[in-house]
Amino acid sequence: MAGFKDKTKKREYGEGKKPGIDLVFKGINYDIGERSILKDVSGIAKQGDMLAVMGPSGSGKTTLLNVVAGRIVADSGEISLSGQPISKRMRKKMCYVLQQDIFYSNLTLRQTLTYTALLRLPEKMPKKEKIRRVEEIVDALDLRKCLDTIIGDVFQRGLSGGEQKRANIANEILTDPMLMLLDEPTSGLDSNTACNLMKIMKSYTQVNNKTVMTTIHQPSSQIYHLFDRVLLMTEGQVAYFGEGSKILSFFSSVGLECSMNYNPADFILEKVNEEKDVQDAILEAANKLRDSEDWPVELHHDYKTKQLAICDKMTSGKINEAYNIDEVKLTMEATTEKDTIKDSTSGKALAVPVTEFDDKTQEQYDDANSMLNDNEKWVTSWWTQYSVLTRRNLFQAKDRILSKFNIIQTMFLALLTSLFWFQMPRTEATLKDRIGLIFFTSIYFGFFSIIDAITAFPEDRAVVNKERSSGAYRLSAYFFAKMSSEIPLIIAQPLVFVSIVFWVAGLNGVTAYFGDLAVIILGAITAQGFGLIFGASFKIFKMSFVAGTMFMLFNVLAGGFYTVNLPYWIGWIKYLSVVLYVYNIQITYEFTNAPPVLCVGGNLTSFPECLNPNVTSIDQSEYLQSISIGWPLWAMHLALFVFLLVSRTTAYLILRFKSTRIG
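For the sequence shown, position 215 (counting from the first letter as 1) is numbered 215 according to full-length UniProt numbering, and the numbering increases by one without interruption.
In structure tokens:
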């Protein structure tokens, strides 16, 4: 791994490091109703350092991380990156590693990282460079041995817990973010795995000059000492902010002594969880710390816009306009722990990083500012996003729709159906059997498609919400990719089923075969659109499932098989059934240009014309008219296409605008 880092640094940055950024958040307040979640929270995360946000459960750690990430809007406060107020565009230079490891379960780690690279790395970067970036991250996080292992889930074995955590981090740092936010990266891991993970992160942070802010609940002593700074929180307030090595001295000043060989992390978390008197004493000391010399000057309330503007002038090559350069150099030489620059107009000291303002440093700051001000909303085109997402969704859905279970199910059902309706003679006696088979085929794949869409949606929602929050791609690219990638898979099962059952049952010829196959597939695709509507409308899977089931039951009841003549006041409702059109198209094909249906004869017939001894077959056109809605084929096909368009458009609009939406 060391070889990787050295090679990366030399190739990209010569002998120096890539310019990083400093994160400053000050006076953050956030309320929900009358409950204060964050109260005047401030802190700094420096480039090349790791900031740990610690505290008991419910202290506001993750909420603070969400505020910094821009996923929650604070009621008040300031957040800046290297002196610039944070913006939506600048947030593209950060990554947020969620506590949950959210991936598509059927993809391998190699596929997952490759698709992420193709989606989130710049369009102008050659594909070979993107793949090389994947390889570098894999080596940096020690994931080489599991590259071709599927991610897995509760139903299929895949990556281990530690591997999934590292994969989660790898997936986010592919874009080379300047600021990394991690939410409980060690949760669910054993102590050894957690320690190894954080050591890897520490090394990566230092070598690549990254800024890391991570929440962590109860780290081991080894992990704790990896952090440069600690922000300790209790009940949404700052109980301590400063260097991790000084926290025990801070607690000693309050009269709280830590025993020798005792984990500092355990000690401080125990103390902020004690009775209210102890908590109040800690918070009072933390407030006094804000007025001490140890408190970062950037967090002082009098650190005004004017001083930020002076910093901007310095980093933009205009230092001579703001200051006398000799005065700056003298001040820098005279200062040891902090470099300060004296503002001759205000008399206030401004802390700046310990560095020399030579041409090389100037170039690094310019690079950092230019990266922060990148105005491109999307790094890849719509077509690139669509094509990559189509391939990815095809791989993910293939094992779901064409799983061994589904193939066995389709073959078994085709065999069973063939046995029940084996070579039906075209007689009056088998008419009900014939239309019963047709109605069954018209509803089965609709049920299958709608339930499949609903059951697959929770995984889709989680993954796409995560990726869309990171600005990975447009919602429209995802939606069209999902539609087009699953169509070939939806076609496969009806093709197998109809090809077997149609000929074994003895239905009406080649034209009817292709007509039935086409309309069954069209009905299945349309039903899938309604499945997307229900999946997008409800966060709770059970509600989506119930809504989808009720919708299909309505379609069955209004489909024209069980009820033909409805009361006039509700007769219109049948035209809202997708099954009605699929079923009517199929029976139209079955009884048009078909061999004659022979009369039973005698008094057993249900057709008056068959009572005539000279009539041996039924007038199929009259029979068709008696059981169908009487629309021409083109009109019924058009109705299905309208349903298809409406369902897909509605699903997209729900995804776009509903509060439970994807994106």
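No residue lacks a Cβ here, since even glycine has one placed at the ideal position from N, Cα and C.
Inset, instruction - Below 8 Å CB to CB, which residues in the same chain sit around S617 once its five sequence neighbours on both sides are set aside? - result: Sequence index remark: in the sequence shown, residue 617 carries index 617 (1-based). Closer than 8 Å at the Cβ level, and outside the excluded window around S617, lie P596, V597, L598, C599.
Inset, instruction - Might you give, ordered along the chain, the residues of its own chain that have their beta carbon closer than 6 Å to the beta carbon of R648, omitting 5 neighbours on each side? - result: To locate residue 648, count along the sequence shown from 1; it is residue 648. Counting only Cβ-Cβ distances below 6 Å, and skipping sequence neighbours, we find G529.
Legend entry - Secondary structure of R391, DSSP reduced to three states: Mapped onto the sequence shown, residue 391 falls at position 391. When DSSP states are grouped into helix, strand and coil, R391 belongs to the helix group.
Inset, instruction - Determine the direct distance from the alpha carbon of T417 to that of V501, and round the result to whole angstroms. - result: The sequence position of residue 501 within the sequence shown is 501, counting from 1. The sequence position of residue 417 within the sequence shown is 417, counting from 1. Rounded to whole angstroms, the separation of the alpha carbons of T417 and V501 is 7 Å.
Inset, instruction - Alpha carbon to alpha carbon, how far is I654 from A536? Give it in angstroms, no decimals. - result: Taking the sequence shown and counting its residues from 1, the one referred to as residue 536 is at position 536. Taking the sequence shown and counting its residues from 1, the one referred to as residue 654 is at position 654. Rounded to whole angstroms, the gap between the alpha carbons of A536 and I654 is 6 Å.
Legend entry - Beta-ladder partner(s) of M54, from DSSP: Within the sequence shown, the letter at position 54 stands for residue 54. As computed with DSSP, M54 is found in a beta bridge with L232.
Legend entry - Where Q100 falls, given that 16 or more other Cβ within 10 Å makes a residue buried: Locating residue 100 in the sequence shown gives position 100, where the first residue counts as 1. Taking all protein chains in view, the Cβ of Q100 is surrounded by fewer than 16 other Cβ atoms within 10 Å, so the residue is classified as exposed.
Legend entry - Through-space distance from G188 to T108, alpha-carbon basis: Locating residue 108 in the sequence shown gives position 108, counting from the first residue. Locating residue 188 in the sequence shown gives position 188, counting from the first residue. One Cα belongs to T108, the other to G188, and the distance between them is close to 22 Å.
Legend entry - Where F561 sits in the DSSP three-state scheme: For this step, residue 561 is matched to residue 561 along the sequence shown. Note: F561 maps to coil in three-state DSSP.
Legend entry - L174 in three-state terms, based on DSSP: Start at 1 with the first residue of the sequence shown, and residue 174 comes out as number 174. Three-state DSSP puts L174 in coil, outside helix and strand.
Inset, instruction - Using DSSP bridges, identify the partner residues of N29. - result: Here residue 29 is taken as the residue at index 29 of the sequence shown, counted from 1. Beta bridge pairing from DSSP links N29 with S76.
Inset, instruction - Counting only the same chain and skipping the five closest in sequence on each side, list residues whose C-beta sits under 8 Å from that of D228. - result: As a working mapping, residue 228 is identified with position 228 in the sequence shown. For D228, same chain residues with a beta-carbon under 8 Å away, outside a window of 5 residues either side, are K46, D49, M50, L51, E243, G244 in chain order.
Legend entry - The beta strand (DSSP E) enclosing D183, as first and last residue numbers: What you label residue 183 is simply residue 183 of the sequence shown in a count that begins at 1. Where D183 is concerned, the enclosing beta strand (DSSP E) stretches over 179-183.
Inset, instruction - Decide if R461 is buried, meaning its Cβ has at least 16 other Cβ atoms within 10 Å, or exposed. - result: Taking the sequence shown and counting its residues from 1, the one referred to as residue 461 is at position 461. Classified as buried, R461 has 16 or more neighbouring CB atoms from the shown chains inside 10 Å of its CB.
Inset, instruction - Reducing DSSP to helix, strand and coil, say where L350 ends up. - result: In the sequence shown, residue 350 corresponds to position 350, counting from 1. Since pLDDT at L350 reaches only 33, below the 50 mark, its modelled position is unreliable, and the value read off the structure follows with that caveat. L350 falls in the strand class under three-state DSSP.
Inset, instruction - Determine the burial state of L604: buried for a count of at least 16 other Cβ atoms within 10 Å of its Cβ, exposed for fewer. - result: Position 604 of the sequence shown holds residue 604. By the 10 Å Cβ count, L604 comes out exposed.
Legend entry - Residue span of the beta strand (DSSP E) that contains L532, given as start and end: On the sequence shown, position 532 is the one that residue 532 refers to. Bounds of any beta strand (DSSP E) do not take in L532; it lies within the alpha helix (DSSP H) bounded by 509-537.
Inset, instruction - Indicate the three-state DSSP secondary structure (helix, strand or coil) for V254 in the structure shown. - result: On the sequence shown, position 254 is the one that residue 254 refers to. V254 falls in the coil class under three-state DSSP.
Legend entry - R400 beta carbon near the ligand SAH (any heavy atom closer than 7 Å): Annotation note on the ligand SAH: not contained in the displayed structure, which lists no ligands.
Inset, instruction - Hey, could you find the ends of the beta strand (DSSP E) R35 is sitting in? - result: Residue numbering aside, residue 35 sits at position 35 when the sequence shown is read from its first letter. Where R35 is concerned, the enclosing beta strand (DSSP E) stretches over 35-45.
Legend entry - Helix, strand or coil at F241 [DSSP, three-state]: Against the sequence shown, residue 241 aligns to sequence position 241. Residue state for F241 is assigned as strand, using DSSP reduced to three classes.
Inset, instruction - In angstroms with no decimal places, state the Cα-to-Cα distance between V212 and K202. - result: Taking the first residue of the sequence shown as 1, we reach residue 212 at position 212. Taking the first residue of the sequence shown as 1, we reach residue 202 at position 202. Approximately 9 Å between the Cα atoms of the pair.
Inset, instruction - For F607, I'd like the list of residues in its chain whose CB is within less than 6 Å of its CB, leaving aside the five on either flank, ordered along the chain. - result: Position 607 of the sequence shown, counted from the start, is the residue given in the question as residue 607. The residues are I618.
Legend entry - CA-to-CA distance, D31 to S484, given in whole angstroms: Mapped onto the sequence shown, residue 484 falls at position 484. Mapped onto the sequence shown, residue 31 falls at position 31. S484 and D31 have their C-alpha atoms spaced approximately 44 Å apart.
Inset, instruction - May I have the straight-line CA-CA distance separating F551 from I408, to the nearest angstrom? - result: Translated into positions along the sequence shown, residue 551 becomes position 551. Translated into positions along the sequence shown, residue 408 becomes position 408. Cα to Cα, the separation comes out at about 27 Å.
Inset, instruction - Can you say whether G255 is buried or exposed, counting buried as having 16 or more other CB atoms within 10 angstroms of its CB? - result: Counting from 1 along the sequence shown, the entry for residue 255 is found at position 255. Its Cβ having fewer than 16 others within 10 Å, G255 is exposed.
Inset, instruction - Leaving out five residues on either side along the sequence, give the residues of the same chain with a beta carbon under 6 Å from the beta carbon of Q493. - result: Walking along the sequence shown from the start, residue 493 turns up at place 493. Cβ neighbours of Q493 beyond the five flanking positions: T410.
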